[in-house]
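Numbering (the numbering used here), first residue to last: 18 to 209. Here the structure is laid out as structure tokens; the discussion comes afterwards.
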Amino acid sequence: MKKFRPDFRKLTADLFEHLRGIVLVFVLIVSVLSVAVGYRYYRYTQDEPQFCASCHLMKEAFSEWQKGRHRDVVCQRCHHLSVLEQNKLLVAFVVKGKEPLSQTHGREKPWKECKGCHMNEISQGSITPSKSYGHARHVFIQRIQCKTCHRVSLHNFRPDEKACSQCHRIKKDHGRSAGIETSSCLKCHPYK
């Protein structure tokens, strides 16, 4: 009688083929889930103002944004970073944790973004620079930047009453008219 001797090479090859299929399915499932979760996280970081409020000391700025005229515009529309800058912040966050980062992203760049919405005729009910004589004169003819008049204080973009006097000297423009120095320029010179 012949002894039964299993062919280990064949068994090992069969087992490897079986495991290879399971491993491939597992890798495929993990890859699909990673892409789905990664995309969802990316969309959250790009489209959700709550993301900004969650990782910065931004409670006051976030609150002011919610009360402001731009509350329907997500933070990232004006305060966006390049992919390289985003990855630098991500690495810094992973390494340093929630301690404040020295990154000044979004402080100056948003002024360049104003033109994206406000130069078009579709600026959702606000006075566009092209429809307003005052804006047309200052923005198009004299090439004054938005931030010169619309100094921001935590998402409050109303023009500063004192901004006019930086360029316009009241006595030079109006002579010695009594009491005009205390009056608001915008009362007589509305941007409409």
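Cβ coordinates follow ideal geometry from the N, Cα and C atoms, glycine included. Since we're looking at a predicted model, the values are computed, not measured.
With 16 other Cβ atoms within 10 Å as the buried cut-off, status of residue i
{"i": "valine 100", "result": "exposed"}
{"i": "cysteine 163", "result": "buried"}
{"i": "isoleucine 139", "result": "With a pLDDT of 44 at isoleucine 139, under the threshold of 50, the predicted position of this residue should be treated as unreliable, though the coordinate-derived value follows. Exposed is the call here."}
{"i": "histidine 172", "result": "buried"}
{"i": "histidine 35", "result": "exposed"}
{"i": "leucine 32", "result": "exposed"}
Residue i - DSSP class collapsed to helix/strand/coil
{"i": "histidine 152", "result": "helix"}
{"i": "methionine 75", "result": "coil"}
{"i": "glutamate 65", "result": "coil"}
{"i": "phenylalanine 174", "result": "coil"}
{"i": "lysine 105", "result": "helix"}
{"i": "leucine 98", "result": "coil"}
{"i": "glutamine 162", "result": "coil"}
{"i": "valine 42", "result": "helix"}
{"i": "histidine 206", "result": "coil"}
{"i": "arginine 186", "result": "coil"}
{"i": "glycine 85", "result": "coil"}
{"i": "arginine 168", "result": "coil"}
{"i": "lysine 179", "result": "coil"}
{"i": "valine 112", "result": "helix"}
{"i": "valine 90", "result": "coil"}
{"i": "serine 140", "result": "Because the pLDDT of serine 140 is 46, which lies under 50, any placement of that residue in the model is unreliable, and the number read from its coordinates should be weighed accordingly. Here serine 140 sits in coil by DSSP."}
Beta-carbon proximity of residue i to residue j, cut-off 9 Å
{"i": "glutamate 65", "j": "cysteine 95", "result": "no"}
{"i": "histidine 167", "j": "phenylalanine 157", "result": "no"}
{"i": "glutamine 63", "j": "glutamine 83", "result": "no"}
{"i": "valine 90", "j": "cysteine 134", "result": "yes"}
Supposed close pair residue i, residue j - CB separation, criterion 8 Å
{"i": "glycine 151", "j": "histidine 206", "result": "7 Å"}
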